[in-house]
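Letter by letter, the sequence shown follows residues 1 to 436 of UniProt numbering.
Ideal Cβ positions, reconstructed from N, Cα and C, are used throughout, including at glycine.
Here the structure is a predicted model, which is why all the values come from computation and not from measurement.
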Amino acid sequence: MSDLDELLRSAVARHRAGELDAAEAAYRALIAQNPENASALHFLGVLSHQRGDDAAALELMRRALALAPDDVAALNNLGNIHLERAALADAEGAYRKALALRPDFADGHNNLGLVLGMLDRPEEAEAALERAIALEPRRADFHHNLGLLLRRRGALARAIATFRAALTLDPGRSRSFEAMIQAQYRHSRTPADTIATLKEWLARDPDHAGARHILSALTGEGIEPRASDRYIKRLFDGYATSFDEHLEHLDYVAPRLLAAAVGRALGAPGGQLSVLDAGCGTGRWAELLRPFARELVGVDLSGGMLEQARRNRGYDRLEEAELTAYLAAHPRAFDLVFSADTLVYFGDLGLVTRAAADALRAGGLFAFTVEQLDDDGTGAPFVLHYNGRFAHARHHLVEAMGAAGLDIASLEAGALRSERHKPVNGWVMAARKPLD
């Protein structure tokens, strides 16, 4: 092995270990010695994408493939970069080029199946995923991806069997447990099978916050006043790269309804406010808030979601923090606290509402959406649904605003999104902090 080969091997090892600065320095040293080192260009392109510099990543990948056009791994990684940028047609093209060179490349078939599913070509997607499994039948992730596709297509019995195959290969695979219980709940008229799977999951992983949270929702036992930080982080870190695509299937309008309520309460946007997007997620809705903002801050508990938000470049600042603690640590810092579809993970809204009130300047606005709990005669302030989200009664919202010293500017009902092709109704609230 030559010295240059050893340097490349060491750089790749550091890259895989997450030592990105050291790996980048080594790749650049290799390229300085030989500008036609296709492997170093390829891996530096992957690293640049990881750092969020997609323009540099694509140029490096172009140079690498110009030197080594038959490099299947580079074509696959180019497809992955396009996939994460949501450039789906480009991703498909890269994966197909890789497969033309190596038809038995199982990862290529799997990745192509993912893209075809996103392009709403389910028959082709299923065929590609089935081919990946035929080539490498012991890959739990391939079975999991096929299960997700089958679940989206409504083939729930097959999806459940496919998730079970993934769990047989990898019994501790939390994502497959979570996907399986969602399919089971939709497939069965009773929650018995879902509860049994949740208990199996907890037997494997007794401390899994998500499994415990959903089990509480189904049994009504051990319900906490809000979803745990661990549950939220696991849930949304897992969703981060596919979250925006997932929303496309839900008729998701909560942020637009909330932005309209803010506009009615504040009048024409003048770009002079300090605005907090509380639970900003991937930053998809920053464009709705920017017209109001002199400074736009996003806060989220999920580091994975924030990584996507950084790519979207819509914010002046992004913070990874639990919402109530963040609000409490920033008294009188904001003119608008905007929270679309975040407080559904809080049961009792009292504490977070008081923290929001403290974080507002005099005259500031707290605007949020939650899912609607219809009056069932019990007077319950909120309930936890099977999907792990709380629904809230109108009287609880009114009481929480009053206890925090906020005046209700508007409180309207409306459909926030759809689930199983049915509207999910919610509350759109805007409440103002009185002037001093």
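Where A259 falls, given that 16 or more other Cβ within 10 Å makes a residue buried: As a working note, residue 259 is residue 259 in the sequence shown. The residue in question, A259, is buried, as its Cβ has 16 or more Cβ neighbours within 10 Å.
Could you check the C-alpha separation between R294 and D21 for me, to the nearest Å? Taking the sequence shown and counting its residues from 1, one reaches residue 294 at position 294. Taking the sequence shown and counting its residues from 1, one reaches residue 21 at position 21. Rounded to whole angstroms, R294 to D21 spans 34 angstroms at the Cα level.
How would you call T168, buried or exposed, if buried means at least 16 neighbouring beta carbons within 10 angstroms? Within the sequence shown, the letter at position 168 stands for residue 168. Exposed: under 16 other Cβ atoms inside 10 Å.
Short of 6 angstroms in beta carbon distance, which residues of its chain neighbour D348, apart from the five on each side in sequence? Order them along the chain. Here the question's residue 348 lines up with position 348 in the sequence shown. So the list reads P225, once near-sequence residues are dropped.
Start-to-end residues for the beta strand (DSSP E) that takes in N425: As a position in the sequence shown, residue 425 is number 425, starting the count at 1. That run of the beta strand (DSSP E) goes K422 to R432.
Buried versus exposed call for E126 [16 or more other C-beta atoms within 10 Å across all chains shown]: On the sequence shown, position 126 is the one that residue 126 refers to. Burial call: buried.
For V12, which three-state DSSP category applies? The residue labelled residue 12 in the question sits at position 12 within the sequence shown. Helix at V12.
Fully enclosed by the UniProt repeat "TPR" (106 to 139), which alpha helix (DSSP H) runs are 4 residues long or longer? 106 to 118 and 122 to 135
Inter-residue spacing [alpha-carbon to alpha-carbon] between D436 and A268: To locate residue 436, count along the sequence shown from 1; it is residue 436. To locate residue 268, count along the sequence shown from 1; it is residue 268. One C-alpha to the other measures close to 23 angstroms.
For the candidate residues F236, L88, W427 and A359, whose alpha-carbon lies nearest to that of P331? As a working mapping, residue 331 is identified with position 331 in the sequence shown. It is A359.
Is the CB-CB distance between V337 and A367 below 9 angstroms? Translated into positions along the sequence shown, residue 337 becomes position 337. Translated into positions along the sequence shown, residue 367 becomes position 367. Yes, these two residues count as a Cβ contact at 9 angstroms.
What whole-angstrom Cβ distance do A340 and L406 have, given they're in contact under 8 angstroms? Here residue 340 corresponds to residue number 340 of the sequence shown, with the count starting at 1. Here residue 406 corresponds to residue number 406 of the sequence shown, with the count starting at 1. Going by Cβ atoms, the distance from A340 to L406 rounds to 18 angstroms, so no, they are not a contact pair.
Only counting the same chain, and skipping five residues up and downstream in sequence, which positions put a Cβ closer than 7 angstroms to that of V12? Against the sequence shown, residue 12 aligns to sequence position 12. If we look at V12 and ignore the five residues flanking it on each side, its Cβ neighbours are F43.
Taking three-plus beta-carbon pairs below 8 angstroms as touching, is the stretch 37 to 51 in contact with the stretch 61 to 75? yes
Once DSSP output is grouped into helix, strand and coil, what is the label at R226? As a working mapping, residue 226 is identified with position 226 in the sequence shown. Strand, per DSSP.
Please state the DSSP three-state secondary structure of L149. Locating residue 149 in the sequence shown gives position 149, counting from the first residue. Reduced to three states, the DSSP call for L149 is helix.
What do you reckon, are the CB atoms on A217 and N387 nearer than 9 angstroms? Here residue 217 corresponds to residue number 217 of the sequence shown, with the count starting at 1. Here residue 387 corresponds to residue number 387 of the sequence shown, with the count starting at 1. Yes, Cβ-Cβ distance for A217 and N387 is below 9 angstroms.
Buried or exposed: A100, going by 16 or more other Cβ atoms within 10 Å of its Cβ? Numbered from 1 along the sequence shown, position 100 holds the residue referred to as residue 100. Exposed: under 16 other Cβ atoms inside 10 Å.
Is G108 closer than 9 angstroms to L129 when the C-beta atoms are compared? Here the question's residue 129 lines up with position 129 in the sequence shown. Here the question's residue 108 lines up with position 108 in the sequence shown. Cβ distance not < 9 angstroms, so L129 and G108 don't count as in contact.
Considering only C-alpha positions, which residue in the set L146, T219, P122 and R175 is nearest to H385? Residue numbering aside, residue 385 sits at position 385 when the sequence shown is read from its first letter. Closest option to H385, Cα to Cα, is T219.
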